[in-house]
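So the structure is just underneath, and the comments pick up after that.
Protein chains: 2
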Amino acid sequence: MNDHIMNIEQLDTPAAIVDIARMQHNIDVMQSRMNALGVTFRPHVKTTKCPDVVHAQIAAGARGITVSTLKEAEEFFAAGIVDILYAVGIVPAKLPRAMALKHKGCDLKIIADNAAAASAIVEFCKAANDTFEVWLEIDTDGHRSGLSPDDDALLTIGRILRDGGIEVGGVMTHAGSSYELNDPEALAALAEQERAGCVRAAERLRAAGIACRTVSVGSTPTALAAKSLEGVTEVRAGVYVFFDLVMANVGACTTSDIALSVLTSVIGHQPDKGWVIVDAGWMAMSRDRGTSKQTHDYGYGLACALDGTPLEGCALVGANQEHGILAVEHDDDLARRFPIGMKLRILPNHACATGAQYPEYHALASDGSTVAWPRFHGW
Amino acid sequence: MNDHIMNIEQLDTPAAIVDIARMQHNIDVMQSRMNALGVTFRPHVKTTKCPDVVHAQIAAGARGITVSTLKEAEEFFAAGIVDILYAVGIVPAKLPRAMALKHKGCDLKIIADNAAAASAIVEFCKAANDTFEVWLEIDTDGHRSGLSPDDDALLTIGRILRDGGIEVGGVMTHAGSSYELNDPEALAALAEQERAGCVRAAERLRAAGIACRTVSVGSTPTALAAKSLEGVTEVRAGVYVFFDLVMANVGACTTSDIALSVLTSVIGHQPDKGWVIVDAGWMAMSRDRGTSKQTHDYGYGLACALDGTPLEGCALVGANQEHGILAVEHDDDLARRFPIGMKLRILPNHACATGAQYPEYHALASDGSTVAWPRFHGW
Numbered sequence: 001m002n003d004h005i006m007n008i009e010q011l012d013t014p015a016a017i018v019d020i021a022r023m024q025h026n027i028d029v030m031q032s033r034m035n036a037l038g039v040t041f042r043p044h045v046k047t048t049k050c051p052d053v054v055h056a057q058i059a060a061g062a063r064g065i066t067v068s069t070l071k072e073a074e075e076f077f078a079a080g081i082v083d084i085l086y087a088v089g090i091v092p093a094k095l096p097r098a099m100a101l102k103h104k105g106c107d108l109k110i111i112a113d114n115a116a117a118a119s120a121i122v123e124f125c126k127a128a129n130d131t132f133e134v135w136l137e138i139d140t141d142g143h144r145s146g147l148s149p150d151d152d153a154l155l156t157i158g159r160i161l162r163d164g165g166i167e168v169g170g171v172m173t174h175a176g177s178s179y180e181l182n183d184p185e186a187l188a189a190l191a192e193q194e195r196a197g198c199v200r201a202a203e204r205l206r207a208a209g210i211a212c213r214t215v216s217v218g219s220t221p222t223a224l225a226a227k228s229l230e231g232v233t234e235v236r237a238g239v240y241v242f243f244d245l246v247m248a249n250v251g252a253c254t255t256s257d258i259a260l261s262v263l264t265s266v267i268g269h270q271p272d273k274g275w276v277i278v279d280a281g282w283m284a285m286s287r288d289r290g291t292s293k294q295t296h297d298y299g300y301g302l303a304c305a306l307d308g309t310p311l312e313g314c315a316l317v318g319a320n321q322e323h324g325i326l327a328v329e330h331d332d333d334l335a336r337r338f339p340i341g342m343k344l345r346i347l348p349n350h351a352c353a354t355g356a357q358y359p360e361y362h363a364l365a366s367d368g369s370t371v372a373w374p375r376f377h378g379w
Numbered sequence: 001m002n003d004h005i006m007n008i009e010q011l012d013t014p015a016a017i018v019d020i021a022r023m024q025h026n027i028d029v030m031q032s033r034m035n036a037l038g039v040t041f042r043p044h045v046k047t048t049k050c051p052d053v054v055h056a057q058i059a060a061g062a063r064g065i066t067v068s069t070l071k072e073a074e075e076f077f078a079a080g081i082v083d084i085l086y087a088v089g090i091v092p093a094k095l096p097r098a099m100a101l102k103h104k105g106c107d108l109k110i111i112a113d114n115a116a117a118a119s120a121i122v123e124f125c126k127a128a129n130d131t132f133e134v135w136l137e138i139d140t141d142g143h144r145s146g147l148s149p150d151d152d153a154l155l156t157i158g159r160i161l162r163d164g165g166i167e168v169g170g171v172m173t174h175a176g177s178s179y180e181l182n183d184p185e186a187l188a189a190l191a192e193q194e195r196a197g198c199v200r201a202a203e204r205l206r207a208a209g210i211a212c213r214t215v216s217v218g219s220t221p222t223a224l225a226a227k228s229l230e231g232v233t234e235v236r237a238g239v240y241v242f243f244d245l246v247m248a249n250v251g252a253c254t255t256s257d258i259a260l261s262v263l264t265s266v267i268g269h270q271p272d273k274g275w276v277i278v279d280a281g282w283m284a285m286s287r288d289r290g291t292s293k294q295t296h297d298y299g300y301g302l303a304c305a306l307d308g309t310p311l312e313g314c315a316l317v318g319a320n321q322e323h324g325i326l327a328v329e330h331d332d333d334l335a336r337r338f339p340i341g342m343k344l345r346i347l348p349n350h351a352c353a354t355g356a357q358y359p360e361y362h363a364l365a366s367d368g369s370t371v372a373w374p375r376f377h378g379w
């Protein structure tokens with residue numbers, strides 16, 4: 001890690017580059033949209049795990065953050081952020097660690113979607129003579145976790161908490177199946193399904209006398225596709241801050257919106273095969289092949305020139321740990337076009353997975369200068 | 001990170017567990033084989049990036065190590081290992097960093113497979129009034145980098161180095177296509193192809209008056225399948241130390257040899273779908289789906305009980321960042337069989353990729369106690 005300014009051409013490879021102008025544009029577009037829809041915005045920081053990025057989101061108007069691990073909660077609380085939603089169903093064994101954070105002054109909200117976890121929270125809080133604000137996780141698209149809005153278990157669990165002296169502060173849902181769509185009408189329909197389901201869950205809880213102040217929905221594609229957010233109080237989204245090739249295939253962005261890229265160097269050629277070997281393998285790109293089942297399969301990423309312009313007829317078709325194989329169409333002199341040591345930039349399939357491979361981003365300004373933005377790792 | 005002893009049941013999840021007895025067995029089997037074949041052994045430490053593991057490999061008889069990044073070279077030199085092969089084609093811009101390590105006393109060998117890199121090394125060394133030992137990378141199976149043993153470019157590049165005052169210390173090859181096989185005879189044939197090609201390259205160089213002392217071959221499957229290593233002086237292998245599900249499909253191990261697993265907790269259920277939700281998502285397992293095209297597709301990993309026994313009829317079919325979806329066949333009472341908070345262990349598809357997700361391993365002794373073994377991250 002170093003925090004002095006280096007030009008992008010001086011950086012060692014591989015390196016994770018954040019185009020600051022693109023990132024700021026993505027932040028501004030999302031925040032403006034949320035402002036127009038009349039909801040607050042709580043970005044999911046699991047994408048970046050980077051205080052420099054999150055401070056830019058807060059500066060643009062975000063209110064609080066969403067995290068996927070207690071380590072994220074601890075690190076961002078240490079970085080000055082107090083209002084934190086831990087949006088993965090709580091494991092009872094993690095309650096002491098969560099409570100320790102609350103005792104330091106963190107306004108940490110936890111979630112539950114089952115009676116066993118709710119009962120464990122009640123018991124823990126009684127023993128600790130303390131409390132948590134708990135939100136109930138709602139399933140609005142069947143892709144993963146959560147309670148159906150129409151299931152009576154929703155009310156049962158709400159009552160376990162309320163009767164145990166725990167505040168049910170809200171309901172939250174994440175329509176993650178939006179990643180599988182690529183049609184604007186289908187995305188708008190899923191956004192409405194996400195909204196309607198989560199609002200319905202809140203209304204049923206309120207009708208049963210359980211307060212449920214907050215109604216929290218979101219995923220990057222549905223946040224950008226929603227036409228109405230009536231009854232919703234806040235939206236969450238994460239990957240929009242950088243975007244990636246999966247999101248471009250979904251239609252949530254274009255490739256020129258993608259703010260994260262991997263800087264790599266040419267290390268060899270196999271002219272008979274039309275291959276250029278680069279030092280961005282799967283350790284640099286991640287093993288994420290999220291575009292493999294989408295309209296456009298980008299292999300391990302979209303190769304661009306150092307200035308960010310996509311290279312026509314090139315595909316990162318293979319990756320070993322520290323080797324990437326860039327297949328180039330119709331080129332009789334690969335070694336001339338791609339000399340040893342030449343630097344390229346690769347746009348990633350999945351910004352969350354690629355970022356996780358790096359201890360730091362290099363934030364790139366329009367003049368070519370970069371500065372290191374640390375990110376953290378682990379749980 | 002903590003270095004005090006904890007029982008496996010006390011660990012927070014997800015966590016990367018190394019079964020010490022299995023690891024030591026894997027180390028001993030490989031070293032014994034190399035001893036019997038009359039070659040020295042230079043393990044590839046990219047799998048673990050963990051000094052505790054590598055010291056066990058050295059203690060068993062390994063001579064020197066192989067690395068895939070200069071960071072690995074720097075970290076392991078700092079941990080006391082001097083004889084290091086950097087086995088990724090050198091980028092000329094990395095030569096100053098490599099030389100800095102050599103100046104500290106590291107016996108660092110670098111590799112090249114093209115004239116441009118060879119010329120850059122010669123020029124750099126002239127300007128620095130210093131030298132490197134360079135090995136030539138040989139392609140014996142067409143899967144990635146290297147010079148064909150029969151290509152005259154091999155001799156041209158050897159002469160560029162020699163005439164520039166650089167010692168050509170050896171040839172090295174890696175038959176990485178062995179990962180795509182699963183038949184003992186085909187593996188033995190590929191091991192022979194790897195051996196014969198690399199020895200032929202060395203003989204051609206020697207016939208041209210280029211010394212080429214070392215002949216280095218290897219991959220985990222070919223190292224275990226080779227019947228003769230005549231003419232070879234050393235073998236390299238990496239993943240054998242932990243093994244993984246890809247290697248089990250190749251036939252290089254059984255699932256009961258796999259020393260790395262991910263400790264996870266049950267966080268929810270979707271009984272209508274037969275799903276148990278666990279806190280091992282792709283951040284914990286990696287996105288590696290290396291078994292997807294093999295005989296047995298293990299999804300994101302093989303689920304086991306806390307004691308390491310594989311669970312019949314269970315498959316980790318999906319993974320989001322911090323959620324894994326464990327599909328369970330024929331179970332009417334998932335919540336009873338897999339209560340909230342229950343701990344499981346998941347064997348990974350690819351030990352190198354899964355390990356890279358963690359700042360540390362938890363090394364598990366036979367009495368259930370664990371101790372933290374730090375590993376490093378980045379380049």
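Protein chains in written order, with UniProt numbering: chain C, 1 to 379; chain U, 1 to 379.
Virtual Cβ for every residue (Gly too), placed ideally from N, Cα, C.
| Query | Result |
| --- | --- |
| Rounding to the nearest angstrom, what Cα-Cα distance links Gly89(C) and Met23(U) in this structure? | 33 Å |
| If I follow the unbroken beta strand (DSSP E) through Arg345(U), where does it start and stop? | 343-347 |
| Any contact of the stretch 295-310 of chain U with the stretch 47-58 of chain C, i.e. 3+ C-beta pairs under 8 Å? | no |
| Kindly indicate the opening and closing residues of the beta strand (DSSP E) around Ala315(C). | 314-319 |
| Please tell me whether Ser286(C) has its Cβ less than 8 Å away from any Cβ of chain U. | yes |
| Gln357(U) and Met247(U): beta carbons closer than 8 Å? | no |
| By the criterion of Cβ-Cβ separation under 9 Å, what are the contact partners of Val122(U) in chain C? | Within 9 Å Cβ-Cβ: nothing; Val122(U) doesn't reach chain C, min ~13 Å. |
| Give the straight-line distance between the Cα atoms of Asp152(U) and Val266(C), rounded to the nearest whole angstrom. | 22 Å |
| Could you please give the first and the last residue of the uninterrupted alpha helix (DSSP H) stretch that includes Ile157(U)? | 153-163 |
| Considering only the beta carbon of each residue, do Ala16(U) and Gly355(U) sit closer than 8 Å? | yes |
| What is the DSSP secondary structure of Glu360(C), reduced to helix, strand or coil? | strand |
| Applying a beta-carbon distance threshold of less than 7 Å, which residues of chain U neighbour Glu322(C)? | Ser68, Thr69, Val88 |
| Against chain A, does Ile258(U) count as a neighbour if the rule is that its beta carbon must be under 8 Å from one of theirs? | Going by chain labels, chain A is absent from the structure shown, which instead holds the protein chains C and U. |
| When the Cα of Val18(U) is compared with those of Phe242(U), Thr254(U), Ile166(U), which residue comes out closest? | Phe242(U) |
| In whole angstroms, give me the CA-to-CA distance for Asp279(U) and Ala211(U). | 55 Å |
| Grab me the residues of Ser145(U)'s own chain with a C-beta within less than 7 Å of its C-beta, minus the 5 sequence neighbours each way, in chain order. | Gly89, Asp113, Glu137, Asp139 |
| Between the alpha carbons of Asp28(C) and Lys46(U), how many angstroms are there, rounded? | 40 Å |
| Cutting at 6 Å between CB atoms, please list the residues of its own chain near Gly313(U), excluding the five before and the five after it. | Glu329 |
| For Ala208(C), which residues of its own chain have a beta-carbon under 6 Å away from its beta-carbon, when the five flanking residues on both sides are left out? | Leu155 |
| Roughly how many whole angstroms lie between the Cα atoms of Ile346(C) and Ser286(C)? | 12 Å |
| For Ala335(C), which residues from the same chain have a beta carbon less than 8 Å from its beta carbon, with the 5 sequence-adjacent residues on both sides left out? | His269, Pro271 |
| Look up Asn35(C) in the DSSP assignment and say whether it is helix, strand or coil. | helix |
| Would you mind telling me which residues of chain U sit closer than 8 Å to Gly176(C), beta carbon to beta carbon, in chain order? | Asn320 |
| Consider the C-beta atom of Ile346(U) and the heavy atoms of the ligand MN; say whether any pair is separated by less than 7 Å. | This structure lacks the ligand MN; in fact it carries no ligand of any kind. |
| Of the residues Arg337(C), Ile157(C), Tyr300(C), Ala87(C), which one's Cα is nearest the Cα of Ala319(C)? | Tyr300(C) |
| Please name the residue in Ala100(U), Ala93(U), Ala21(U), Asp183(U) whose C-alpha comes closest to that of Gln294(U). | Asp183(U) |
| Give the range of the beta strand (DSSP E) segment to which Ser216(C) is assigned. | 214-217 |
| Can you check whether the C-beta of Cys352(U) is within less than 8 Å of a C-beta belonging to chain C? | yes |
| Looking only at its chain, what residues have a beta carbon closer than 6 Å to the beta carbon of Ile5(U), apart from the 5 residues adjacent to it on each side? | Ser369, Val371 |
| Would you list, in chain order, the members of the stretch 11-28 of chain C that have their beta-carbon closer than 9 Å to a beta-carbon of chain U? | Asp12, Thr13, Pro14, Ala15 |
| Measuring alpha carbon to alpha carbon, tell me which of Leu11(C), Ala365(C), Ser256(C), Tyr240(C) ends up nearest Thr309(C). | Ser256(C) |
| By the three-class DSSP mapping on this structure, what secondary structure does Phe41(U) have? | strand |
| If you measure between the beta carbons of Ala98(C) and Met172(C), is that distance less than 8 Å? | no |
| Answer yes or no: do Thr233(U) and Thr264(U) have a C-beta to C-beta separation smaller than 8 Å? | no |
| Is DSSP giving Met1(U) helix, strand or coil here? | Low confidence applies to Met1(U): its pLDDT is 42, below 50, so where it sits in the model is not reliable, and the reading given next is rough at best. Note: Met1(U) maps to coil in three-state DSSP. |
| Provide the residue span of the beta strand (DSSP E) that contains Gln57(C), from first to last. | Gln57(C) -> not in any beta strand (DSSP E); alpha helix (DSSP H) instead, spanning 51-59. |
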